[in-house]
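Colleague:
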Amino acid sequence: MIKPASITLLIASALMLSACNQDKPATAEETQAFTDKVVVTAVDTVVALANPASENPAAAYCEFLQGKLDLPTGVCTLPSGEAIEHWELFKRDHQQTKPQIGIANPASVYCESVDGKLDLPTGVCTLPNGEALDQWELLKRDHKQTKPQIGIANPASVYCESLDGKLELSTSICTLPSGEALDEWKLFRRDHKQTKPTS
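Structural data, given as structure tokens:
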């Protein structure tokens, strides 16, 4: 961040360089005008640096209310005699409006739809019967997700499961309740002998 003093020095340097015309010396009036500009700029900088409100909106607000600001403590004493920390005063009088939420939390909406009481900080929904559980657990419990059906089921896999077998998908091995383990398609073909069609 560039400090006001640095800006002042930069402006003064630029003014001095622009006033230096090697071909024609400056007149007394030009020299006086230049000196006045430098002095005004320097005074403005000193005033800005001495004024705590120049970079602090809370201090500026204190001064706007004609309060007296104690810089070391940050306490603003108002004309009414009230003494309050300047940022607290600023926040008190400049209440921020909370942004509107775009879409409601579906778990919270569901909790309230079943007449539950929701504790927002913890997310716990207490139902009318006294049961208390996480709002998302309640939503999941009451809205079971079904597994999506993808295409047509593998008939060999369906057959393995119909025999209460355990299917290992990565190897396609079906382990029957008897302990027999074999490829699901071998099991399917073994138990479903196909006859050749006659013409």
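Letter by letter, the sequence shown follows residues -19 to -1, 1 to 180 in mature numbering (1 follows the signal peptide of the UniProt record, and there is no 0). Cβ atoms here follow ideal geometry from the backbone N, Cα and C, with glycine treated the same way. Here the structure is a predicted model, which is why all the values come from computation and not from measurement.
1) For Trp68 versus Ala41, is the C-beta spacing smaller than 8 angstroms?
2) So, does the region 88 to 98 touch the region 108 to 123, judging by three or more C-beta pairs under 8 angstroms?
3) State yes or no: is the C-beta of Glu165 within less than 8 angstroms of the C-beta of Leu148?
4) Is Thr152 helix, strand or coil when you go by DSSP?
5) According to DSSP, is Ala113 part of a helix, a strand, or is it coil?
6) Excluding the five sequence neighbours on either side, which residues of its own chain have a C-beta within less than 6 angstroms of the C-beta of Asp100, listed in chain order?
7) Between the C-alpha atoms of Asp172 and Thr127, what's the straight-line distance to the nearest angstrom?
8) Give every residue of the same chain whose Cβ lies closer than 7 angstroms to the Cβ of Asp115, excluding the five residues on either side of it in the sequence, and list them in chain order.
9) Taking Leu119 and Tyr91 to be in contact with their CB atoms under 8 angstroms, please state how far apart those CB atoms are, rounded to whole angstroms.
10) Tell me whether Ala113 is buried or exposed, calling it buried when 16 or more other Cβ atoms sit within 10 Å of its Cβ.
11) How should Leu50 be labelled, buried or exposed, when 16 other C-beta atoms within 10 angstroms of its C-beta is the threshold for buried?
12) Under DSSP, the alpha helix (DSSP H) around Glu44 begins and ends at which residues?
Modeller: Taking the definition as stated:
1) In the sequence shown, counting from the first residue as 1, residue 68 sits at position 87. In the sequence shown, counting from the first residue as 1, residue 41 sits at position 60. No, Cβ-Cβ distance for Trp68 and Ala41 is not below 8 angstroms.
2) yes
3) For the purposes of this step, residue 165 is taken as the residue at position 184 of the sequence shown. For the purposes of this step, residue 148 is taken as the residue at position 167 of the sequence shown. Yes, Cβ-Cβ distance for Glu165 and Leu148 is below 8 angstroms.
4) Along the sequence shown, read from residue 1 onward, the residue named residue 152 stands at position 171. If DSSP states are grouped into helix, strand and coil, Thr152 belongs with coil.
5) The sequence position of residue 113 within the sequence shown is 132, counting from 1. Strand at Ala113.
6) The residue given as residue 100 occupies position 119 in the sequence shown. Result list for Asp100: empty, nothing under 6 angstroms.
7) As a first step, residue 172 must be located in the sequence shown, where it is residue number 191. As a first step, residue 127 must be located in the sequence shown, where it is residue number 146. Approximately 31 angstroms, taken between the alpha carbons.
8) Taking the sequence shown and counting its residues from 1, the one referred to as residue 115 is at position 134. The answer, listed in chain order, is Gly104 and Val105.
9) Residue numbering aside, residue 119 sits at position 138 when the sequence shown is read from its first letter. Residue numbering aside, residue 91 sits at position 110 when the sequence shown is read from its first letter. The C-beta distance from Leu119 to Tyr91 rounds to 7 angstroms, short enough to fall under 8 angstroms.
10) In the sequence shown, the residue the question calls residue 113 occupies position 132. With fewer than 16 other beta carbons inside 10 angstroms of its own, Ala113 counts as exposed.
11) Residue 50 sits at position 69 when you count from the first residue of the sequence shown. With 16 or more other Cβ atoms within 10 Å, it is buried.
12) For this step, residue 44 is matched to residue 63 along the sequence shown. Per DSSP, Glu44 is one residue of the alpha helix (DSSP H) stretching across Pro38 to Phe45.
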